[in-house]
């Protein structure tokens, strides 16, 4: 038997044919119990701690009894996975339980052992063995700790500890690989890792080392500039002494840094020269002469790039320590410190004029001297601190004139989790064929502009005549109306867009067609156009270059695929690791906040900014603020980051038909949905509904998850529900909710339907709540009825109580006495399962009274069977028999669940008295009724009871999936009537 918790919970059985395969428990509460015991293997976990883990806020009164039931379910799972050893794995030991697990049976203990062995191998200098051990440890991870299981205090603590241990092991393995000279192979992996973990300085140091050893010094320096900028902007701190020391060593450009495996020291000579010494394992590499030139590159780099790139070199003094040049100039916004001025010191840049570089499109044109009337905000090409006429774009060692990218906005310093898309887009731009162009599309707030700008900067050297940027749908300057509403965006016409692009290029078109002038420009020059915020392909078609040498990248949320020459990159949410990096200050609440934000980059950044701007808030404070769905979009707004406004602008740009499709689909519950409930929400036949759904899916506003499976991105779902309330007539919205309730009631009643997950059951319970709030009494009752079986099977007690309490009220308001009796009896069944026997008694008696008034024999018989089962549990078998006799004497048209339940409890009475042969008769009648009703779950339960009737297992399966301890009494035992 093997257990895996480094990711979703998995229980793998013994290799024997009878137990092979997975035996992972399905109900969430059972996974919590098993997961908590596995997080503390071979340790006693108290019952009190388990109760806190199961119900962190308010445990029910019957928490201890319920825990015993859950533990019995865990034992059943272990027995199924390992018939030989499962019964000895989970031990009851005061004050709780202990799970016996060998170190090689649990991936957590195996990871910790491999990590420690790898650390020891590093300390012993056995780097080859260390790399193998740590790679094996790394491969055990399949995701965050118990990612499919709710976390209480114990699991949150374990997850926080392992959240640090996992990257620590990764850094140790990479350090060993660097020691083995694998720097070239590591560059790609490290580039992706620093994007996913932008605040881990060790990974950045390893990337700088790997780049330098791969003879990519400019990129190593650029990597330092990037991490410094991130730390300063995100946390307000400079890089630590280790990173700064490595940076100074790279500036010396003569001594190869040792791989970063241990502590570094910043050793300065007594004379105070700004020379860096990098120390590891007792070895010190003295800094060589600083050979940075006044134009911001080392003499070595300048020599490689040719005489035109070289500037006057600084010469080292005779003592071997570097004398700092007067200035060090890096790329605009890099924030690279000047050697000798202290790390992070701002440096005045030398001016760059048109005479130094030439115009944006080469000789004969003029570069703008500041932010032009048509340039984007933040894209001013005015001479900025740290800017120079020559810059080194990320990922390239060749020099690119600053003026080529002068019109681009500043690169987003928090472009996290997009390394794959960035590499692909950069490749598309560099290798663009004649007439081809790239489109970056996806839901609003997914980072389309940031990705396009970053790729354009990386591909700029392939377009020596310039990179132009234009927002095709700028927001109007006047205030929004009404207050808080997103301003309607007005797209530029192709002619106006052409004029603005030409003015950026320094071209003044004559009286002729500006589109012709733009075509002539892109046909005779090598130009990259970045066309941002396009509302349709029609808006950009006339602007696109059609000849070789020039191309365009277009961003927009509503760009359907299929246009000629279009190469599409569709963005959605970022990965879990990237979301955690953005929400680094949220602590254990980061995963919940990321889920509430739909892992949408814009929303994640707004959440991170909310935390950093409100130091008195914790991650839990923010999570609590974001939980209410109706206010979440408004809460995710701070400063210029307006999640609701961004989504709303996209919604308003849709044609009215698609807007209505989107908002009516907002009547659906959260999660995956198929065409049947979608057609119900839209009030359309299936064929027309399919066409409407695919239309908004093509826009990127729905996620296609497979055949007949769609889902809303989380925040778009909230917007759709918001627009349903605001834009759809109330009667129409109410009718849509009623139709959706009916569709899901039908799906739940379908025997061929897959079992609903815990999340789906919670969402459908919320749908009952919405129907009740809309005074849809009959739909609320019907849906709650259909949920009864799935909620019982999933042990979803909270949802069961909520749905059927609401449905009870709906039945009373509708005057439906039969449904009222049914709901009261169902709540009695729930109380019985929770061992709330007094409440169960009250519910069953009330259900019997209501059933008799409504003249429904089935519900009367089920209520009597419930009362008999309560008597049986207290050993009052005579009273139980009398109640069952009353239930079976009532005429019931055809085979029904009333008679089934009466015979089921009658069989329990016989088994309790030790009369297994007598129990076979009522069990046989139960089997016949279940078969006639085509109720496979109840039929399977009866067969299991029949097989176990002759054995003494110590427990009885009294209801499907519910076991109770066997308390056998003599056949003559009687009880007294109360």
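In the numbering used here, the protein residues as written are 2 to 979.
Using N, Cα and C, we set each Cβ at its ideal position, and we do this for glycine too.
Where residue 94 sits in the DSSP three-state scheme: Here DSSP, grouped into helix, strand and coil, assigns residue 94 to strand.
N-terminal and C-terminal residue of the alpha helix (DSSP H) that residue 570 is part of: Taken as a continuous stretch (DSSP letters only), residue 570 belongs to no alpha helix (DSSP H), being part of the beta strand (DSSP E) at 567-572.
For residue 47, the residue or residues it bridges with in DSSP: Looking at the DSSP assignment, residue 47 forms a beta bridge with 97.
Own chain, CB closer than 6 Å to residue 184, minus 5 neighbours either side, in chain order: Closer than 6 Å at Cβ, skipping near neighbours: 211, 214 and 215.
Outcome for residue 43 when other beta-carbon atoms lying within 10 angstroms are tallied against a minimum of 16: Exposed, because fewer than 16 other Cβ atoms sit within 10 Å of the Cβ of residue 43.
Integer Cβ distance of residue 798 from residue 835, believed to fall under 8 Å: Residue 835 and residue 798 do touch by the CB rule: their CB atoms are close to 6 Å apart, below 8 Å.
With 16 other Cβ atoms within 10 Å as the buried cut-off, status of residue 122: Classification for residue 122: buried.
Span of the alpha helix (DSSP H) around residue 681: In the DSSP annotation of this structure, the continuous segment of the alpha helix (DSSP H) that includes residue 681 starts and ends at 676-683.
Cβ-based burial, residue 933 [other Cβ within 10 Å; buried from 16]: Classification for residue 933: exposed.
First and last residue of the uninterrupted alpha helix (DSSP H) at residue 900: Under the DSSP assignment, residue 900 falls in the alpha helix (DSSP H) whose first and last residues are 898-913.
Sequence-distant residues of the same chain with beta carbon closer than 8 Å to residue 156, five excluded per side: Once the five neighbours on either side are set aside, the close Cβ partners of residue 156 are 33, 36, 37, 40, 54, 146, 147 and 150.
Assumed close pair residue 812, residue 782 - CB separation to whole angstroms, cut-off 8 Å: About 5 Å; that satisfies the 8 Å criterion.
Local conformation of residue 56 per DSSP, three classes: Here residue 56 sits in coil by DSSP.
One or two residues paired with residue 439 in a DSSP bridge: Residue pairing from DSSP places residue 439 in a beta bridge opposite 554 and 568.
3-residue-minimum beta strand (DSSP E) runs that sit fully inside the segment 502-540, ordered along the chain: The segment 502-540 contains these whole beta strand (DSSP E) runs: 529-533.
Residue 661 - containing alpha helix (DSSP H), residue span: Bounds of the alpha helix (DSSP H) holding residue 661 are 657-666.
Alpha carbon of residue 838 to alpha carbon of residue 832, nearest angstrom: Separation of residue 838 and residue 832 (C-alpha to C-alpha, rounded to the nearest whole angstrom) is 7 Å.
Whole-angstrom distance between residue 446 and residue 791, CA atom to CA atom: Spanning the two alpha carbons is a distance of roughly 37 Å.
Per-residue DSSP class, three states only, for residue 950: The answer is coil: DSSP assigns residue 950 none of H, G, I, E or B.
Same chain, Cβ closer than 7 Å to residue 571, neighbours up to 5 away in sequence not counted: Setting aside the 5 residues that flank it on each side, residue 571 is surrounded in the same chain by 442, 443 and 701, each with a C-beta closer than 7 Å to its C-beta; the list follows chain order.
Simplified DSSP assignment, three categories, for residue 963: Assigned with DSSP and collapsed to three states, residue 963 falls in strand.
Classification of residue 23 by the beta-carbon crowding that lies within 10 angstroms, buried from 16 upward: By the neighbour-count criterion, in which a residue is buried when 16 or more other Cβ atoms sit within 10 angstroms of its Cβ, residue 23 is exposed.
Residue 47 to residue 98 span [Cα, whole Å]: Straight-line Cα distance between these residues: approximately 6 Å.
Own chain, CB closer than 8 Å to residue 725, minus 5 neighbours either side, in chain order: Apart from the 5 residues on each side of it in sequence, residue 725 sits with its Cβ closer than 8 Å to the Cβ of 664, 665, 667, 668, 734 and 737 in its chain, given in chain order.
Integer-rounded CB distance, given that residue 228 should sit under 8 Å from residue 198: Between residue 228 and residue 198 the Cβ distance is about 11 Å, and since that is not below 8 Å, they are no contact.
Where residue 881 falls, given that 16 or more other Cβ within 10 Å makes a residue buried: Only buried fits residue 881, as 16 or more other CB atoms lie within 10 angstroms of its CB.
Where residue 861 falls, given that 16 or more other Cβ within 10 Å makes a residue buried: Buried, since its Cβ has 16 or more Cβ neighbours within 10 Å.
Supposed close pair residue 983, residue 134 - CB separation, criterion 8 Å: Since the first residue shown for the chain is 2 and the last is 979, residue 983 is missing from the structure and cannot be characterised.
Cβ pair residue 599, residue 493 closer than 9 Å: The Cβ atoms of residue 599 and residue 493 do not sit closer than 9 Å to each other.
Cα-Cα separation between residue 88 and residue 771, rounded to whole angstroms: Taken atom to atom, the span from the alpha-carbon of residue 88 to that of residue 771 is near 45 Å.
Integer Cβ distance of residue 593 from residue 624, believed to fall under 8 Å: About 5 Å separates the beta carbon of residue 593 from that of residue 624, a gap short enough to meet the 8 Å contact definition.
Under 9 Å between C-beta atoms of residue 467 and residue 545: No, the Cβ-Cβ distance between residue 467 and residue 545 is not below 9 Å.
Terminal residues of the alpha helix (DSSP H) in which residue 123 lies: Its alpha helix (DSSP H) spans residues 108-124.
Buried versus exposed, by CB contacts within 10 Å (16 or more), residue 647: Classification of residue 647: buried, given that the 10 Å Cβ count is 16 or more.
Residue 780, DSSP secondary structure in three states: Collapsing the DSSP output to three states places residue 780 in a helix.
Run of the alpha helix (DSSP H) containing residue 646, from where it starts to where it stops: Going by DSSP, residue 646 is part of the alpha helix (DSSP H) stretching over 644-653.
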